[in-house]
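Using our numbering, you'd call the opening residue of the sequence shown number 70 and step up by one each time.
Glycine residues also receive a C-beta, built at the ideal position from the N, C-alpha and C atoms.
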Amino acid sequence: MNSIPRRGLRVVSAEPTQADTVEVHVLDLLDGPTPQELAAIEAEWPQIEADILALDDLDETLLAVDALVVDLDSRRARRTRRRIIAATLSGAATFESVPVLRAVA
70 MNSIPRRGLR VVSAEPTQAD TVEVHVLDLL DGPTPQELAA IEAEWPQIEA DILALDDLDE
130 TLLAVDALVV DLDSRRARRT RRRIIAATLS GAATFESVPV LRAVA
């Protein structure tokens, strides 16, 4: 069993060496992000927000598609949903590029 240092966590490989050991102090985790980490998070936010909005639009599209695919078997319906999700997340989804989306439009 691995021993845990008193004020931190110890991550150890199968055969521990000094290079494999990383000390993480609990107090460092409780302090929260540093100003540099906060700045990095703020810089990433526009992309995160765009992804969230794309997923919201995707939910509406999938609901509309679900109404159209009632005649398809469940496997084909799942494949259709996966294609729409992949195309939307890659940014390539247009109503012309996905046949089912043309029907929704």
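8 Å Cβ cutoff met for residue i and residue j
i	j	result
L131	R150	yes
I110	P102	yes
Residue i (DSSP reduced to helix, strand or coil)
i	result
T103	coil
E111	helix
Chain-order list of residues whose beta-carbon lies under 7 Å from that of residue i (same chain, five-residue window excluded)
i	result
I117	none
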